[in-house]
Amino acid sequence: MVSDRLIDGRWYTTEQLAELLHVDASTVRRWRTLRPFQGPAFVRVSDRVVMYSVHDVEAWLRTRRVDPGEVAA
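Start counting the sequence shown at 1; every next residue gets the next number (full-length UniProt numbering).
Written out as structure tokens, the structure is:
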């Protein structure tokens, strides 16, 4: 469940999120610019600073999860 309070929880920079997901930071940036968006929700703090809430990242990862047992059925 995504928290309604944005200030609660951990936040990641683009670079931190990329490292966590084992992708290049350019991939995370590309997700932000694609239409429709491909990555997790983000907050643009300024022109140069974008942050990702752990809650939004977890919610996005859940939508990407594939359960092999369900796929095979």
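Just so it is clear, CB atoms sit at the ideal spot from N, CA and C, and this is done for glycine as well. Computed from a predicted structure; not experimentally measured.
Residue 50 - containing beta strand (DSSP E), residue span: Note, residue 50: beta strand (DSSP E), 50-53.
Top-ranked residue by Cα proximity to residue 18, from 31, 7, 8: Its Cα nearest to that of residue 18, the residue 31 stands out among 31, 7, 8.
For residue 28, the first and last residue of its enclosing alpha helix (DSSP H): Segment 25-33, the alpha helix (DSSP H) holding residue 28.
Proximity winner among 54, 35, 36, 68, relative to residue 43 (alpha-carbon distances): For residue 43, the nearest C-alpha among the options comes from 54.
Environment of residue 47 [buried if 16+ CB atoms lie within 10 Å]: With fewer than 16 other Cβ atoms inside 10 Å of its own Cβ, residue 47 counts as exposed.
Straight-line Cα distance separating residue 45 from residue 67: It is roughly 35 Å from the alpha-carbon of residue 67 to the alpha-carbon of residue 45.
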